[in-house]
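Have a look at the structure below before the remarks.
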Amino acid sequence: MSSEKNTVQSETKEFQAEVKKMLDIVIHSLYTEKDIFLRELISNSADALEKFRHQSIMEQEVFDSQVPLEITIDLDEEKNTLTITDTGIGMDRGELEANLGTIAHSGSKTFFTKLNEKERQDVNLIGQFGVGFYAAFMVADKVRVKSRSYRMDDMGHEWVSDGAGTYTIAMCPGIRRGTSIILELKEQAKDYANEHTIKRIIKQYSNFVPFPIKVKDEAINTVQALWTRSKNEIKDEEYTDFYKFIGNAMDEPLAKLHFSAEAPLSIKALLFVPKDNFETMGLGRIDPGVSLYCRKVLIEQHSKTILPEWLRFLKGVIDSEDLPLNISRQALQDNSLVAKINKVVTKRFLKHLGELAQKEPETYVELWKTFGVFLKEGVISDFAYREELGKLLRFESSKTDSGKLTSLAEYVERMPAEQNDIYYINGPSREAIENGPYLEAFRKRNIEVIFTLDPIDDFAMSHLARFDEKKLLSADRGDLELPETEAAKEAAKEETPKEVMATEDSDSLTKWMKEALGERVKEVVASKRLTDSPAIVVNPDGFVTASMERLMRASGQDGLQPFGAKNLEVNTGHELIKGLAGLKEKDEALAKSVVEQIFDNAMIQAGLMVEPRTMVERTYKILSRLVQNQS
Ligand code: ADP
205 MSSEKNTVQS ETKEFQAEVK KMLDIVIHSL YTEKDIFLRE LISNSADALE KFRHQSIMEQ
265 EVFDSQVPLE ITIDLDEEKN TLTITDTGIG MDRGELEANL GTIAHSGSKT FFTKLNEKER
325 QDVNLIGQFG VGFYAAFMVA DKVRVKSRSY RMDDMGHEWV SDGAGTYTIA MCPGIRRGTS
385 IILELKEQAK DYANEHTIKR IIKQYSNFVP FPIKVKDEAI NTVQALWTRS KNEIKDEEYT
445 DFYKFIGNAM DEPLAKLHFS AEAPLSIKAL LFVPKDNFET MGLGRIDPGV SLYCRKVLIE
505 QHSKTILPEW LRFLKGVIDS EDLPLNISRQ ALQDNSLVAK INKVVTKRFL KHLGELAQKE
565 PETYVELWKT FGVFLKEGVI SDFAYREELG KLLRFESSKT DSGKLTSLAE YVERMPAEQN
625 DIYYINGPSR EAIENGPYLE AFRKRNIEVI FTLDPIDDFA MSHLARFDEK KLLSADRGDL
685 ELPETEAAKE AAKEETPKEV MATEDSDSLT KWMKEALGER VKEVVASKRL TDSPAIVVNP
745 DGFVTASMER LMRASGQDGL QPFGAKNLEV NTGHELIKGL AGLKEKDEAL AKSVVEQIFD
805 NAMIQAGLMV EPRTMVERTY KILSRLVQNQ S
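Taking our numbering, the leading residue of the sequence shown gets 205, the next gets one more, and so forth.
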């Protein structure tokens with residue numbers, strides 16, 4: 205026997221470790237919704253047919269070029285088998301090994317090793333990550349795959365496995381192009397050899413497969429492209445069924461957009477927003493869910509080019525007659541037409557979200573809570589849509605009730621006449637912000653402050669930079685000049701002014717404090733904004749806010765670009781600060797410890813890390829002195 209791989213008669217191989225794990229889950233944990241195995245196999249066949257159709261447009265010679273593109277299901281109740289045959293692209297020996305013996309998608313790999321017992325039974329979740337081909341083992345004791353590639357030089361192979369750790373591959377000459385999957389059904393899965401059962405499942409899950417699915421020569425599915433039909437002819441259930449089909453979903457979509465345009469480009473788009481954000485459920489980055497078609501022919505499944513990356517949570521179809529049918533994937537990436545379609549659909553979708561927010565505010569809030577993070581990513585990564593995205597942002601603020609959200613437009617409407625800028629402040633929670641020192645100056649002036657509770661919010665705000673021509677400013681900037689609002693004037697009248705230190709004394713105190721803190725601060729200044737708290741740290745450069753700094757530190761970016769020191773603002777009307785001047789004369793070492801502690805407290809209130817060990821030692825030192833003085 206020659207060592208040439210293709211001529212090796214038969215060889216037995218081990219599944220990759222992750223596949224074994226997945227097979228174990230499929231065989232032992234997926235008890236419910238066994239029906240989905242058929243959907244998975246049919247959808248693989250449909251993909252293979254789409255791939256073939258595309259290849260046959262691109263290539264000169266393909267094997268069996270005259271065979272019709274279809275899926276056939278054969279049932280044998282006596283032998284207890286079910287066979288799914290497609291005339292798609294097929295697989296050669298290497299492809300059989302790579303595709304059915306390993307899991308390529310690295311996300312799915314980790315996902316399947318991390319799944320816990322409860323999640324294993326969540327079909328909706330499993331559907332998203334696709335057990336795919338391996339779903340066959342939910343119902344079969346043994347699976348045979350006979351396949352022959354569309355390439356002229358292939359010869360046909362058979363892959364066999366009982367799912368228990370190994371598979372065998374052997375030559376199988378004389379077969380037609382495409383793939384047959386033969387399931388030797390488990391005793392308790394007998395019903396899947398029954399014609400009625402299979403027809404019902406096809407109708408339920410695979411009705412929109414764009415190729416005929418035949419059982420006993422009868423096509424069972426409605427082969428049509430829903431997106432090409434006119435909106436008012438389509439029933440809600442049809443949309444939902446179609447969504448379930450293309451989104452591999454079991455539930456209903458949260459929102460949808462179906463639109464068509466004729467000029468300047470001919471575009472038909474049907475987009476769905478799902479209910480769940482699977483990116484937060486363990487898979488890491490999800491693949492895009494919108495596929496690109498030209499006159500109902502699939503050009504690129506789950507296209508990375510037809511929409512911006514930050515819209516990867518959408519599911520659906522975009523079809524444009526203007527695209528050349530035989531365009532290759534590479535050519536798609538720098539095709540200017542594709543870029544134009546991308547822009548038109550993105551704008552239209554964002555407009556649709558704006559309308560949704562008006563007409564169905566509750567649905568929009570739900571959408572925002574689940575997918576807002578993608579829109580923020582859009583603000584950060586895509587300059588082109590900043591204005592549209594700015595209108596879609598939602599936040600809690602000092603004027604909303606807890607858990608309620610406001611738009612920036614609503615914020616602007618509430619602004620007092622004297623206010624020109626929009627303010628925001630980050631913090632780990634609403635309570636932390638409300639009890640922290642940053643709001644003081646704003647409360648007094650009746651100025652609303654947006655709460656940026658999500659770590660990426662401040663990046664979004666600083667990229668957005670302006671909204672409705674108003675600057676977006678973080679309330680922890682050192683250079684804030686707050687307007688004298690009516691409310692501020694009223695408050696000033698009622699307050700008995702606090703006795704502040706004389707400028708000279710305050711200057712010498714802040715100078716000494718700066719010396720005491722050294723490089724830890726850039727400057728120590730007397731604060732104009734504080735009323736109740738003794739001190740606050742602010743950003744001298746007005747760019748990197750505390751939450752941005754936290755996030756960058758967490759992702760290890762501080763090594764690349766060290767963060768500048770903060771400014772410490774002190775309230776020279778506060779007893780603690782006033783007392784410090786006296787203490788410094790009596791016991792400079794103790795006064796220095798107090799200054800350090802004030803600084804650490806202010807850092808903590810800004811949500812920034814301090815070194816706990818030094819801090820604890822220092823507080824003990826201060827406390828000991830306090831106890832000694834009392835006894
Ligand atoms: P997925 O479909 O998510 O990639 P699967 O485990 O279902 O994962 O399939 C793995 C790969 O096997 C597919 O990507 C495809 O390349 C190949 N494959 C599966 N079924 C077929 C088929 N009927 N015809 C051709 N290739 C197939």
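For glycine and all other residues, C-beta sits at the position ideal for the given N, C-alpha and C.
Residues in its own chain within less than 6 Å of residue i by CB, not counting five upstream and five downstream?
i      : result
Phe520 : Here residue 520 is Gly; the residue named in the question, Phe, does not match the sequence. Hits under 6 Å: Leu474, Leu475, Phe476 and Val494.
Leu764 : With a pLDDT of 46 at Leu764, under the threshold of 50, the modelled position of that residue is not reliable, and the figure given next carries that caveat. So no residue of the chain qualifies.
Leu677 : Asp625 and Tyr627
Leu755 : Pro659
Lys580 : Ile660 and Ala664
Ile293 : Ala252, Lys255, Phe256 and Tyr354
Glu208 : Because the pLDDT at Glu208 is just 47, under 50, the model does not fix this residue reliably, and the point stays unresolved.
Using a Cβ-Cβ cutoff of less than 7 Å, which residues in the same chain neighbour residue i once the five nearest sequence positions on both sides are dropped?
i      : result
Gln801 : Arg822, Thr823 and Ile826
Tyr615 : Ser601, Ile626, Glu652 and Ile654
Lys573 : none
Val501 : Arg257 and Leu529
Gly576 : Arg598
Asp290 : Ser249, Ala252, Leu253, Ile275, Gly382 and Thr383
Leu830 : none
Gly558 : Lys595 and Leu596
Lys224 : Gly369
Val742 : Asp680, Arg681, Gly682, Lys770, Asn771 and Glu773
Glu570 : Leu458
At a cut-off of 6 Å, would you count residue i as near ligand 1, judging by its Cβ distance to the nearest heavy atom?
i      : result
Asp290 : yes
Ala340 : no
Ser384 : no
Ser353 : no
Phe747 : no
Phe337 : yes
Ser495 : no
Met295 : yes
Asn303 : yes
Ser249 : yes
Ala221 : no
Ala252 : yes
Rounded C-beta distance between residue i and residue j? I'm assuming under 8 Å.
i      : j      : result
Thr287 : Ser365 : Contact flag wrong, Cβ pair sits at about 16 Å.
Phe671 : Gly594 : 5 Å
Glu399 : Leu279 : 6 Å
Gly360 : Gly378 : 7 Å
Ser351 : Leu300 : 6 Å
Asn721 : Val799 : The amino acid at residue 721 is misidentified as Asn; the sequence shows Leu. Sure, about 6 Å apart at Cβ, within 8 Å.
Val728 : Leu772 : 5 Å
Pro738 : Leu780 : 5 Å
Gly305 : Lys217 : 6 Å
Arg348 : Glu362 : 6 Å
Ala691 : Val725 : Not quite, the Cβ-Cβ distance comes to about 32 Å (not below 8 Å), so this is no contact.
Phe841 : Ser666 : This structure does not reach residue 841, given that the chain is present from 205 up to 835, and the question cannot be answered.
Asn307 : Glu222 : Rather than Asn, the amino acid found at residue 307 in this sequence is Ile. Indeed, because the Cβ distance is near 5 Å, the residues count as touching under 8 Å.
So, for residue i: in the same chain, excluding its five sequence neighbours on each side, which residues have a beta-carbon less than 8 Å away from its beta-carbon?
i      : result
Ser269 : Ser260
Leu541 : Leu469, Ser524, Asp526 and Leu527
Ser710 : Val704, Ala730 and Thr776
Leu643 : Ser602, Ile629, Ile637, Val653 and Ala679
Ile402 : Leu242, Ile277, Leu279, Leu286, Tyr396 and Val419
Would you list the residues sitting across from residue i in a DSSP beta bridge?
i      : result
Asp523 : Lys472 and Tyr497
Met752 : Note: Met752 sits in no beta bridge, so no partner.
Asp280 : Thr285
Thr444 : In DSSP, Thr444 forms no bridge with anything.
Ala423 : Lys418
Leu389 : Ala344
Arg598 : Ser611
Met375 : His361
Phe836 : The structure shown has nothing for residue 836, since the chain only spans 205 to 835.
Measure from the C-beta of residue i to each C-beta in chain B and report whether the shortest distance is under 7 Å.
i      : result
Ile417 : Here chain B cannot be found, since the structure has a single protein chain.
Next item on the list: Evaluate contact between the region 416-425 and the region 503-518, counting only Cβ atoms and requiring at least three cross-stretch pairs below 8 Å.
Entry: At 8 Å Cβ cutoff, the stretches do not touch.
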